[in-house]
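Before any comments, here is the structure.
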Amino acid sequence: MSRVHERIDAASLAAEADRVTRAAGPAAARRTDDLYRLFDAFAAKLATPAFGDVEGIAFLVTWLRKKSLESMVRASLGGRAEALDAFVADGSQRLRAAPRGVVAQWIAGNIPTLAIFSFVLSALVKNVNLVRVPKESLAVVRRLLAALEESSITDSAGAALSGRDLLDGASFFYFPGEDRALHAALSLRADARVVWGGQETLATVLALPRHEHCEDIVFGPKFSLGLVDAAGRRRVAEGGEEGAAVARSLVRDVLLFDQAACSSPHILYVEGALDDARAFARRIANELAKQTKRAPKRAIAEGTAAAILRLRTDYGLDEQRDVMASSSVDYTVLVDADGPVLSEGVQSRTLFVRAVASLEDVVPIVTPQVQTIGMLVDDAALAGTLAEALARKGVSRLVRFGLMNVYDQPWDGLFACDRFVRWISWT
Amino acid sequence: MDASTHEAEVLTLIDQPQFRLDPADKERRLCAILSAQSARHAAAIPAFARLVERLGFGEGPRARYEDVPWIHVSAFKKFELRSVPADKVVRVVTSSATTSGTPSRIHIDKPTSFRQAKALAATLADVVGKTRRPYLVLDAAESNAATSSLSARGAAIRGLLPFASEVTYALDLQPDGKLTPNEARIGAFFEKNRDRSPLLFGFTFIVWSVVLDALGKGGARFGPAPGAMLLHSGGWKKLTEQAVDKDTFAAEAAVAFGMPASHVLDFYGMAEQVGVVFVDCAAGHKHPPDFADVLLRDPLTLERVRAGEAGLIEVLSVLPESYPGQALLTDDVGVLVGEDGCPCGRRGRHFRIRSRVAQAEIRGCGDTFAAKRVVGA
């Protein structure tokens, strides 16, 4: 049975919400370890060539493994993961992490697998879920849920537990963004609301009526970039094995999700002069050429292509800039010495490499919208100074290149699993 | 190709009867000229040489349109791209700057200006015939003022003068900068010329928003002038926003001026390539003249699209000598109808304009860095 409703209406949404709510009891009674093992079985189903065409599937498979989920939940709940299954002693009191109940989710359209990440995090701590999936992700979500339905384990009580059982407590559906009545109906069924999206989605959802007890978990519009100090830049530019490995990792960050993720890098600030940035960019462009040959782009919006071609012309003509690009629009590296300024991300494998005199000059331009900063800063003292300063500016994640799109915890400044539960004390 | 052979070949392409070339032969002939011109521009303009080198166009010669070094048309808004000394520039053509607010500046020398005038006349003669006609400009005389700088509107108005037996300007420029139709003057023009197959020209948005809007409100109608022809160009972006399509425009104009809607002809052209226009044929297709062509590039591969497919429009022209306008990539999208076989009988590639490219939308949570926005405000 398909669990994805392509165009849900008010009556069907109400019926689905009733169905999901009825499943809240059985969901809350499940053992966390069983859920880890069920998702691990799901990961095994996805780790086949049949899903090879799904953008980001390799990472989803790794992320769904028992060890990965366990470690994430443990970190999120401050080492009190056992509280998901029973009251646990904590000093003079006992603590229990109970599900919030019905979690309504608004999923963004930039990452096709995002609905699964968001659902799993919530379901793992035993919530039931109403998930509005963007139209463009419906097909992928349907395929992935079919694999989940077919996944099964024998639970700790010796009974069969399948993805089908889990999905009794979930509904995935689409309705048009402008249907305010359905947005409101969804919001009013929620004990917690999760919103992934841009400005417009946030404004819509946060203005909806909701119950007083309803918790909001917001993953709003974000932008990500990279910092490379002089030593790191030299390592890459010189092209040794170590530098080549960094370039490979960096390019993987650029390629994954076609640069549409909130964690995708758009600008790299490189310590040095224009020629230094150029030498660094050349290595990155070579690596982009290699990796895009293996994974060529399959589609591009006309507007994005036009924006890229405008930039290629501008950077191609300008004496103080440079451009390295494929003959198609597979990738574009735009080099400049415009100093510590931000540029809007173009996406679609388009990377600005911007020379700056000092990475510390970049700190003042960082806004709370900057989520992830990929760092290749060999100077440990400088890395420490930058990390402190960037943390104060509102940045959420500082990672090595290659890890920018790794969906770990905390994310956007919060531990999602922690927000998906209610903490109960018993003294 | 040496300079004199090159010049002779360009003039041949302009002077010969238009729209009769075999497409493959045309591409071969144009590529030979375009390659030589690109090399000259690269030698004269360091910025253009940089672009050719950086984007890997190589030295040439090029046998395919795809390989001719292109420039995005927006570059003329930001860079002074001139391949002749400043004292050889006889005119600077400026674009209307509707989208960006910054006009393009195109530097024209005497040979280029000469070619542009001849080329435009050659193309339009195929559409409007060689007999001079009374010419009603649906604009103000000020748009065609004689200065060293010429707007795109002025250039287009001027381009039709060789077909005019007399010229009347239909609009008045008010002190506040607004254009208003002078109904008495338009009425007198039609009274005198309705049976002399008058030729009308105006910018699409001005014709719609100034002329037809005012006439509609006042109920004024002119004609009937069954032999009249209205050529119009530009400004579709604003009309599309108002949900006005080509057929609606033609129907309204036909009623206002008492002419058949089939005599209302849209043409595609740009300030950056004066002299090259693509006028609708009777089948509603646009045909490149012999000295120019279009390349519709697939937005992903940048290779040419097949018949029935849409692509980014690149206009190729052998006319410009004073600026690198050989291959201008635009933000317009066209659909290739085919190569040869148009019912109108013209040979070669023919296409339709579909739209401007939609502005790229950043989807989902991978968004802007701007921090000043307020949710729920």
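Here the protein sequences come in this chain order: F and C.
Its first residue numbered 1, the first sequence is counted upward by one per residue in the numbering used here.
Its first residue numbered 428, the second sequence is counted upward by one per residue in the numbering used here.
Quick reminder that beta carbons are idealized off the backbone N, C-alpha and C, glycines included.
Remember, predicted model here, so these are calculated numbers, not experimental data.
- With respect to C/Asp566, C/Ile613 sits apart: the two C-beta atoms are not nearer than 8 Å.
- At the C-beta level, C/Ser522 and C/Gln753 stay beyond 8 Å of one another.
- For F/Asp216, there is no enclosing alpha helix (DSSP H); the residue is part of the beta strand (DSSP E) that begins and ends at 215-219.
- With fewer than 16 other Cβ atoms from the protein chains shown falling within 10 Å of its own Cβ, C/Cys771 counts as exposed.
- Using a Cβ distance threshold of 8 Å, F/Asp155 and F/Asp40 do not count as a contacting pair.
- For F/Asp18, the enclosing alpha helix (DSSP H) stretches over residues 10-22.
- In the displayed model, F/Met72 falls within a helix according to three-state DSSP.
- Close partners of F/Asp322 in chain C (Cβ separation under 8 Å): Arg481.
- Close to chain F, meaning a Cβ-Cβ distance shorter than 7 Å, are the following residues of the stretch 478-510 of chain C: Leu478, Arg481, Leu482, Gly483, Ile498, His499, Ser501, Ala502, Lys505, Phe506.
- Note that the C-beta distance between F/Glu215 and F/Arg80 is not below 8 Å.
- In this structure the stretch 265-278 of chain F lies against the stretch 338-358 of chain F, because at least three pairs of beta carbons, one per stretch, are closer than 8 Å.
- Straight-line spacing of the CA atoms in C/Glu699 and C/Ala652 works out to 34 Å.
- Along the stretch 608-663 of chain C, the beta strand (DSSP E) occurs as fully enclosed runs of 3 or more residues at 626-630, 656-660, listed in sequence order.
- When rounded, the separation of the alpha-carbon atoms in C/Asp720 and C/Ile780 is 14 Å.
- Residues of chain F whose Cβ lies closer than 7 Å to the Cβ of C/Thr728 are, in chain order, Ser328.
- A Cβ-Cβ distance of about 6 Å is found for the pair F/Val20 and F/Gly169, placing them in contact under the 8 Å criterion.
- The alpha-carbon of F/Gly374 is positioned some 54 Å away from that of C/Pro538.
- Assigned with DSSP and collapsed to three states, C/Gln464 falls in helix.
- For F/Asp9, no chain C residue has a C-beta closer than 7 Å to its own C-beta; the minimum C-beta separation is roughly 25 Å.
- F/Ala170: member of the beta strand (DSSP E) spanning 170-173, first to last residue.
- Around the Cβ of C/Arg447, a 10 Å sphere holds fewer than 16 other Cβ atoms; the residue is exposed.
- Separation of the CB atoms of F/Glu150 and F/Pro112 is rounded to 20 Å, and the pair is thereby denied contact status at 8 Å.
- Only residues of its own chain outside the window of five on either side were considered, and among them Ser462 have a CB closer than 6 Å to the CB of C/Pro488, listed in chain order.
- Around the beta-carbon of C/Ala583, 16 or more other beta-carbon atoms lie within 10 Å, marking it buried.
- Within the DSSP secondary-structure output, F/Arg400 pairs in a beta bridge with F/Met375.
- At least one CB atom of chain C sits nearer than 8 Å to the CB of F/Glu319.
- Annotation note: the stretch 59-116 of chain F contains the following uninterrupted alpha helix (DSSP H) runs of length 4 or greater, listed N- to C-terminal: 66-76.
- Residue range 138-150 is occupied by the alpha helix (DSSP H) that includes F/Arg142.
- Within chain F, the residues placing a beta-carbon under 8 Å from that of C/Leu739 are Glu302, Ala305, Ala306, Leu309, ordered along the chain.
- Of all residues in the stretch 584-600 of chain C, none has a C-beta nearer than 7 Å to a C-beta of chain F.
- In this structure, the CA atom of C/Gly775 is about 10 Å from the CA atom of C/Lys713.
- Under the three-state reduction of DSSP output, C/Asn571 falls in the helix class.
- A residue is called buried once 16 or more other Cβ atoms fall within 10 Å of its Cβ, and F/Lys293, having fewer, is exposed.
- Counted as a single uninterrupted DSSP element, the alpha helix (DSSP H) harbouring F/Gly384 occupies residues 380-393.
- In the structure shown, the three-state DSSP call for F/Val194 is strand.
- If you look at F/Ser162, you'll find it in the beta strand (DSSP E) that goes 160-162.
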